[in-house]
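Asker: Residue numbers (this note's numbering): 113 to 378. Ideal placement from N, C-alpha and C gives every residue a C-beta, glycine not left out. This is the structure, below, for whatever I ask next.
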């Protein structure tokens, strides 16, 4: 998994799931049968009420183990992956985001929220940002995304101004946003807490998370007429299908769209 550029988080998750499978059957992982895997999955769904995402991750972990580690034929293991429930992302309006950032008094916290929204970042991506990733001349941010792949995304002029104020005040050493210990990145939990408090101060009642800022970035770009393929590149999605979910939450005015029939002379 390391040679395939899996993140350490994914590796730890897969190993933990295989360990759970071993413990459930009290048997060595290389001796567990397909039926035992299915039994564990059924138990996870019915008794533990675990998500479709969890079940799919277990299947992926078993596949890597069987096919790549043990050299067994994966085709002989017929486990039908459950379909994920399609939930539309929670999107904040531009007014809500403006209110959220304006009511956040701490400069570092305000800059974090601004960067996540204006660049469409995942929480893990903003944590790993370094000062050298900010390209003020080209108005771009270099981002280390999933699978340890780099991409470039937008650096808003407003965000750049805020980052310059933040830089003068905090002088981060190693990471762009550091925690209480110099040289260590701000924690995921801190960002989640900042977001929650900012939503509360702004009076936002939606079931939003930090990731909603990324959803909002993509949706607002789409509403502004930006091509879906460009948005896919900015978000770092490997598949256009993942990006296309924003088509379902985009607001549009039907009166502003001209029917192609109007261009046909009869």
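1) On the CB-based measure, 16 or more other CB atoms within 10 Å of its CB, does residue 344 come out buried or exposed?
2) Go to residue 280, then tell me how far its alpha helix (DSSP H) extends in each direction, as first and last residue.
3) Among 249, 250, 251, 228, which one has its Cα closest to the Cα of residue 241?
4) Would you mind giving the Cβ-Cβ distance between residue 181 and residue 149, rounded to the nearest angstrom? I have them listed as a contact below 8 Å.
5) Specify the secondary structure class of residue 115 as computed by DSSP and reduced to three states.
6) Use the C-beta contact count for residue 156: other C-beta atoms within 10 angstroms, 16 or more gives buried, fewer gives exposed.
7) Can you list the alpha helix (DSSP H) stretches of 4 or more residues lying completely in the stretch 222 to 277, in chain order?
8) Looking only at its own chain, which residues have a Cβ that is under 8 Å from the Cβ of residue 202, when we skip the five neighbours before and after it?
9) Just to confirm my understanding: we take residue 363, look at its own chain, exclude 5 residues before and 5 after, and list those with CB closer than 7 Å. What are they?
10) Report the option in 214, 285, 122, 211 whose CA atom is closest to the CA atom of residue 170.
11) Determine, using beta carbons only, whether residue 264 and residue 276 come nearer to each other than 7 Å.
12) Please classify residue 237 as buried or exposed, where buried requires at least 16 neighbouring CB atoms within 10 angstroms.
13) To which residues of the same chain is residue 271 closer than 7 Å at the C-beta, ignoring the five residues directly before and after it?
14) Thinking residue 239 and residue 284 are a contact (beta carbons under 8 Å), I'd like their distance in whole angstroms, please.
15) How long is the line joining the alpha carbons of residue 311 and residue 218, rounded to whole angstroms?
16) For residue 215, which of 306, 260, 142, 179 has the nearest alpha-carbon?
Answerer: So, from the data block:
1) Buried, because 16 or more other Cβ atoms sit within 10 Å of the Cβ of residue 344.
2) Under the DSSP assignment, residue 280 falls in the alpha helix (DSSP H) whose first and last residues are 269 to 282.
3) Scanning 249, 250, 251, 228 for the CA closest to the CA of residue 241 turns up 228.
4) Taking the Cβ atoms as the reference, residue 181 lies roughly 15 Å from residue 149, outside the contact range of under 8 Å.
5) When secondary structure is reduced to three states using DSSP, residue 115 falls in the coil class, being assigned neither helix nor strand.
6) Under this definition residue 156 is a buried residue.
7) Qualifying alpha helix (DSSP H) stretches, in chain order: 235 to 239.
8) 318, 319, 320, 321, 324, 327, listed in sequence order.
9) Same-chain partners within the cutoff: 335.
10) The alpha carbon of residue 170 has as its nearest neighbour, out of 214, 285, 122, 211, the alpha carbon of 122.
11) No, Cβ-Cβ distance for residue 264 and residue 276 is not below 7 Å.
12) By the neighbour-count rule (16 or more Cβ atoms within 10 Å), residue 237 is buried.
13) These residues qualify, in order along the chain: 226, 227, 230.
14) Residue 239 to residue 284, Cβ: 12 Å. No contact.
15) Going from the Cα of residue 311 to the Cα of residue 218 covers about 14 Å.
16) Ranking 306, 260, 142, 179 by Cα distance to residue 215 puts 306 first.
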